[in-house]
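Read through the structure below, which is laid out as C-alpha cells, and then see the notes.
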C-alpha cells in the first residue's frame, strides 16, 4: 500500500500517518458503546444520506443480537464504508485512514495472535514513524482492542479507523512476511535431527501413517505458500538417487529451491497425493488430480501430475490463482496497432481465429481476454476447455472429461446445438476436432482455438498435415496469432548498456536507434529475487489470411513461403515485435532470443 499524507483528527481526515500520532479518545468516551442512543452520530449519518428508518432498524438489531454497529450498517448498505467511517471518526475523534502504512511493518505480533482472530475482530497493529497504532474497523470493539493493546504492552490506545479491505490486506501481508520458508523449516529440522524430528518423517510401512505426520504436513504447506508468495506457476518434486530436488518455475524459468534427503520423498509425495485425492498405494502408473487451497485472501487451484521414474514418483503441481483478474486486450503486451487489428478480428461474425505457441506461452490468457471484450448479453458464448482456468460470468464453460468420453470433438458436436454465436475450443488436437471446428465456422459461428506450433505460418501446415483440405483452411481461418512470453526487466535494478554489434544485427536494431533510446540489461535485487526480471509480457505476430495469402496456401503448404509472403504484406513477426520491446526498455535481447530461438547457439538465461 502507498504511503499517506498528514492527517487532522479534528476533521476525521482520511490521510495517513505522517502527522501527529492518532489521538486516543478519553476513557469515558470509549466506554460508551454506540448502541446507547448516539443521536449525534445518527445526525451525522443522516446528513450523509442515511435513511432514519434504516438507522432505527439497525438500533433494534443492535439490542437484539449484540453485533457491531459498523457491520450492521454495512450489511444494510446504509452508506458506503468510507462515508460511514468518516462519520464515526468525527464522532469519536479518531482519524480515518483510507491507506494503511505497511512499508516498515513489525511482524512480531503474529506470534501472539492467530490470523483468524485478527480477521474476526477486524483490527491490526501497525508501526508508523510516530509510534505504534491499532487500525480498527469498529471503534466500539473495546474489549478486543484492550486485550490486543495489553498483550502488546501499550499503555495508551492509539486507534485509527480503516476499511475492512485495508485491514485484511495488512493482516495478510504481516503473516505472509512472518511465514517461515520451506528451506528455513527444513534447516531447523536438520538442526534438531538428533532430537528425533527427522525420524518422525522417515519412511514407514504404513503410508497413511506417513502422511499424517505433522512435520510433513507443515513442509508441504510451506512449499505451497512459498510458491504462491514467489509468484511460481509450477512446483517440481524430483527424486534422484541420493536426494529429492524441489524447483519452482517463476516467470517461465525453473529455479532450484530446496534439496531434501532421499528418505523424505515417499512421505512428501504421499501427502501431496492424499491432498489431490489420488491413490497413494499406486506408484507404477501416472496419475492426475486436483487440489483447492486458500492462502490468505487468495484462492488457488492446483493441478497435480505424478509419474513413475527410476528413483520414484516425480510430481509436478501447476498453480492457478483463481482470484487473479482476467487481463484485457490492452494488458497483454500488444501495441495499439495490433490491439486494433485483433479487436476487428474478434468482432467477425464467423470464421476461425487461431492462437499458436508452445505450452505456457499465454495462449489461453489471450483467448480469455478476447472473450471478455466481446462478452455481452446479445452474444451467446460457449467454451470447451481442459481445464477451465478462469470462471467468466455470462459464458457457458464445459470441462473436458475423457473418462466419460467427453472429448473436445464430442463436446463441440453438442455445443453447436446450443445456438452459440461464439465457440472457444481449448485446443485442436486431432483431425476430428479440426473438421468440426471448420464446419462450425462455415455455418455462421465465430470459433476461437489454439494450436501448438512455432509460428503463425506453421499453423496452416499443421492443419493440412492433419488431413484438412487447403480449400477448407482458406475458407474458414481468418487469422492466426502466434505469441511468446518474455520476462520483464525489474524496474528497480535494470541498467542501461551498449550491446555488441552481433546481437543488434541478429535482432534487427540499427545503431542509430540507440542514440534516441538506450537499451537495458538485468542486474538483480531483492525485489526480483536477484533474477533481474519481475513478471512477463507477450510478443505477437498476427497473420491475416487475405486473398493473396489464400491463393498461395492453395498452391503450397510450405510455412516458409507463407511467412515470407505475410511479411511482405506488412506482418510484424515475433522477432521484430520483441525488438520493439527491447527498444522500449521492457525486456532484454537475451530474452527475445531465448523465446524465438533465433540464435543457433544456446543462450544461458541465468548467465
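Residue numbers (my numbering): 810 to 1416.
All residues carry an ideal CB built from backbone N, CA and C; glycine is no exception.
### Message
If contact is defined by three or more beta carbon pairs under 8 Å, each pair taking one atom from either stretch, is the region 1136 to 1145 in contact with the region 1060 to 1069?
### Response
Counting C-beta pairs with one atom in each stretch, the region 1060 to 1069 and the region 1136 to 1145 have fewer than three that are closer than 8 Å, which means they do not touch.
#### Entry: Start and end residues, beta strand (DSSP E) containing residue 1054
As a first step, residue 1054 is located in the chain shown; it is residue number 245 there, counting from the start. Run containing residue 1054: 1052 to 1059, per the beta strand (DSSP E) assignment.
### Query
Would the region 1121 to 1138 and the region 1038 to 1054 be scored as touching if the rule is three or more Cβ pairs under 8 Å?
Yes, since at least three Cβ pairs between the region 1121 to 1138 and the region 1038 to 1054 fall closer than 8 Å, the two stretches touch.
### Message
Under 8 Å, with one C-beta from each stretch per pair, do the region 1277 to 1295 and the region 1189 to 1200 reach the 3-pair mark?
### Response
Verdict: no, contact absent.
### Query
Name the DSSP beta bridge partners of residue 1118, please?
The count along the chain shown starts at 1 and reaches residue 1118 at position 309. Partner(s): 1121.
### Message
Between which two residues does the beta strand (DSSP E) holding residue 1364 run?
### Response
If you number the chain shown from 1, residue 1364 lands on position 555. Run containing residue 1364: none in the beta strand (DSSP E); it sits in the alpha helix (DSSP H), 1356 to 1364.
#### Entry: 8 Å Cβ cutoff met for residue 1224 and residue 1191
Here residue 1224 refers to the residue found at position 415 of the chain shown. Here residue 1191 refers to the residue found at position 382 of the chain shown. In this structure, residue 1191 lies closer than 8 Å to residue 1224 by Cβ.
### Query
Does DSSP classify residue 1155 as helix, strand or coil?
Locating residue 1155 in the chain shown gives position 346, where the first residue counts as 1. In the structure shown, the three-state DSSP call for residue 1155 is helix.
### Query
What is the DSSP secondary structure of residue 928, counted as helix, strand or coil?
As a working note, residue 928 is residue 119 in the chain shown. Look at residue 928 here: in three-state DSSP terms it is helix.
### Task
In angstroms with no decimal places, state the Cα-to-Cα distance between residue 1096 and residue 1115.
Translated into the one-based positions of the chain shown, residue 1096 becomes position 287. Translated into the one-based positions of the chain shown, residue 1115 becomes position 306. Between the alpha carbons of residue 1096 and residue 1115 lies a gap of roughly 5 Å.
### Message
If the criterion is Cβ atoms closer than 8 Å, does the pair residue 1290 and residue 1351 meet it?
### Response
Your numbering for residue 1290 matches position 481 in the chain shown. Your numbering for residue 1351 matches position 542 in the chain shown. Residue 1351 sits close to residue 1290, with the two beta carbons spaced by under 8 Å.
### Task
Take residue 1300 and list the residues in its own chain whose beta-carbon comes closer than 8 Å to its own, dropping the five residues that flank it on each side.
Here residue 1300 refers to the residue found at position 491 when the chain shown is read from its first residue. These residues qualify, in order along the chain: 1343.
### Query
In angstroms, rounded to a whole number, what distance separates the CA positions of residue 1020 and residue 1035?
Taking the chain shown and counting its residues from 1, the one referred to as residue 1020 is at position 211. Taking the chain shown and counting its residues from 1, the one referred to as residue 1035 is at position 226. For residue 1020, the predicted structure reports a pLDDT of 40, less than 50, and the residue's modelled location is therefore unreliable. A value from the coordinates is still provided. CA-CA distance, residue 1020 to residue 1035, rounds to 20 Å.
### Query
Relative to the C-alpha of residue 1050, which residue among 1121, 1056, 1093, 905 is closest?
To locate residue 1050, count along the chain shown from 1; it is residue 241. Here the closest residue by C-alpha is 1121.
### Task
Counting only runs of 3+ residues fully inside the region 1303 to 1375, write out the beta strand (DSSP E) ranges in chain order.
With a minimum length of 3 residues, the continuous beta strand (DSSP E) runs that stay inside the region 1303 to 1375 are 1304 to 1306, 1328 to 1330, 1342 to 1353.
### Message
Give the list of continuous alpha helix (DSSP H) stretches no shorter than 4 residues that lie fully inside the region 1157 to 1210.
### Response
Runs found: 1172 to 1183.
### DSSP three-state assignment for residue 1074, whether helix, strand or coil
Within the chain shown, the letter at position 265 stands for residue 1074. Correct three-state label for residue 1074: helix.
### Message
Using a 10 Å radius around the Cβ and a threshold of 16 neighbouring Cβ atoms, would you call residue 1153 buried or exposed?
### Response
Along the chain shown, one-based indexing puts residue 1153 at 344. When all chains shown are included, residue 1153 counts as exposed.
### Query
With which residues is residue 934 paired in a DSSP beta bridge?
Counting from 1 along the chain shown, the entry for residue 934 is found at position 125. Residue pairing from DSSP places residue 934 in a beta bridge opposite 943.
### Message
Check this for me: beta carbons of residue 1419 and residue 968, under 8 Å apart or not?
### Response
In the structure displayed, the chain extends from 810 to 1416; residue 1419 sits before or after that span and is not available.
### Task
Using the Cα positions of residue 1229 and residue 1254, report the straight-line distance between them to the nearest angstrom.
Residue mapping note: residue 1229 aligns to position 420 of the chain shown, counting from 1. Residue mapping note: residue 1254 aligns to position 445 of the chain shown, counting from 1. The straight-line gap from Cα to Cα measures roughly 7 Å.
### Query
From residue 1380 to residue 1112, what does the alpha carbon distance come to, in whole angstroms?
The residue labelled residue 1380 in the question sits at position 571 within the chain shown. The residue labelled residue 1112 in the question sits at position 303 within the chain shown. Looking at the two C-alpha atoms, the distance is approximately 37 Å.
#### Entry: Residue interval of the beta strand (DSSP E) (run including residue 1103)
What you label residue 1103 is simply residue 294 of the chain shown in a count that begins at 1. From DSSP, the beta strand (DSSP E) with residue 1103 extends over 1096 to 1104.
### Query
Residues in its own chain within less than 7 Å of residue 930 by CB, not counting five upstream and five downstream?
For the purposes of this step, residue 930 is taken as the residue at position 121 of the chain shown. Counting only Cβ-Cβ distances below 7 Å, and skipping sequence neighbours, we find 950, 953.
### Validate contact between the region 1358 to 1372 and the region 1159 to 1168 using beta carbons, cut 8 Å, 3 pairs
Not touching, per the Cβ criterion.
#### Entry: Supposed contact pair residue 1270 and residue 1368 - C-beta distance, whole angstroms, cut 8 Å
Mapped onto the chain shown, residue 1368 falls at position 559. Mapped onto the chain shown, residue 1270 falls at position 461. Contact holds; Cβ gap of about 5 Å.
### Message
Check whether the region 967 to 983 and the region 899 to 915 touch, using three or more Cβ-Cβ pairs below 8 Å as the test.
### Response
Touching, yes, given that three or more Cβ pairs across the two stretches are closer than 8 Å.
### Task
Measuring alpha carbon to alpha carbon, tell me which of 892, 1346, 1084 ends up nearest residue 1144.
Along the chain shown, one-based indexing puts residue 1144 at 335. Considering only alpha carbons, the answer is 1346.
#### Entry: Integer-rounded CB distance, given that residue 1217 should sit under 8 Å from residue 1234
In the chain shown, the residue the question calls residue 1234 occupies position 425. In the chain shown, the residue the question calls residue 1217 occupies position 408. Taking the Cβ atoms as the reference, residue 1234 lies roughly 6 Å from residue 1217, within the contact range of under 8 Å.
### Message
Is it buried or exposed, residue 1134, if we count other Cβ atoms within 10 angstroms and call 16 or more buried?
### Response
Within the chain shown, numbered from 1, the residue matching residue 1134 stands at position 325. Classification of residue 1134: exposed, given that the 10 Å Cβ count is below 16.
### Query
By how many angstroms is the C-alpha of residue 1038 removed from the C-alpha of residue 943?
The sequence position of residue 943 within the chain shown is 134, counting from 1. The sequence position of residue 1038 within the chain shown is 229, counting from 1. Each residue's alpha carbon lies about 26 Å from the other.
#### Entry: At least three beta-carbon pairs within less than 8 Å, the region 1323 to 1332 to the region 1023 to 1032
Contact fails between the region 1323 to 1332 and the region 1023 to 1032, because fewer than three Cβ pairs, one in each stretch, are under 8 Å apart.
### Task
Quick one: grab the DSSP three-state call for residue 1290.
If you number the chain shown from 1, residue 1290 lands on position 481. Strand at residue 1290.
### Task
May I ask you to report which of helix, strand or coil DSSP gives residue 922?
Position 113 of the chain shown, counting from 1, holds the residue named residue 922. Three-state DSSP puts residue 922 in coil, outside helix and strand.
### Message
Pairs of beta-carbons, one from the region 1386 to 1401 and one from the region 1315 to 1329, closer than 8 Å: are there three or more?
### Response
Counting Cβ pairs under 8 Å, three or more are found: they touch.
### Straight-line gap, residue 1207 to residue 1215 (C-alpha atoms, nearest Å)
On the chain shown, residue 1207 is found 398 positions in, with the first residue counted as 1. On the chain shown, residue 1215 is found 406 positions in, with the first residue counted as 1. Answer to the nearest angstrom: the Cα atoms are 9 Å apart.
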